[in-house]
Amino acid sequence: MSSDGVALPAEPDEPAETRGPAADRPGASAPVALDIDLSSHEMLRRAHVMDALGPAWDPLAALRGEEAAYDLLYSGLSAEQQRVYDELVSAGVLPRRGGGHAAA
101 MSSDGVALPA
111 EPDEPAETRG
121 PAADRPGASA
131 PVALDIDLSS
141 HEMLRRAHVM
151 DALGPAWDPL
161 AALRGEEAAY
171 DLLYSGLSAE
181 QQRVYDELVS
191 AGVLPRRGGG
201 HAAA
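Rendered as structure tokens:
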């Protein structure tokens with residue numbers, strides 16, 4: 101607050117000693133549980149996604165393409181990159197691919 105007792109912008113209107121949890125204030129109402137069922141919205145969202153993908157979408161082809169992209173991503177690693185890759189695999193950060201080497 102300013103010296104004349106007026107609250108400055110971005111400051112609460114009440115002095116700090118009077119502020120506290122709402123339950124401690126006189127006339128405060130109890131918290132209210134709020135439940136929102138989004139299942140119908142989720143079903144609508146999924147329907148829109150499937151509509152956008154179209155009838156020609158092939159999930160197996162998409163998965164094969166993703167696997168090919170991962171194989172390409174981890175191929176041709178230098179010795180240092182391969183060492184880091186192997187450490188990440190052994191730590192469980194990355195899944196093991198191929199014969200234990202990134203290029204496999």
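Our numbering applies: residue 101 is where the sequence shown begins, and numbers increase by one. A virtual CB, placed ideally from N, CA and C, is assigned to each residue, including glycine.
Taken through DSSP and simplified to helix, strand or coil, R196 comes out as coil. Boundaries for G154: no alpha helix (DSSP H) harbours it, and the DSSP string shows neither H nor E there. Per DSSP, the continuous alpha helix (DSSP H) segment holding D171 begins and ends at 159 to 173. Pairing E166 with A191, the inter-Cα distance amounts to about 23 Å. Scanning its chain for C-beta atoms nearer than 7 Å, with the 5 sequence neighbours on each side dropped, one finds no residue around A147. For the 8 Å CB-CB criterion, R196 and Y174 do not form a contact.
For D186, the enclosing alpha helix (DSSP H) begins and ends at 179 to 190. When DSSP states are grouped into helix, strand and coil, S129 belongs to the coil group. For L138, the three-state secondary structure derived from DSSP is coil.
Straight-line spacing of the CA atoms in R183 and R164 works out to 26 Å.
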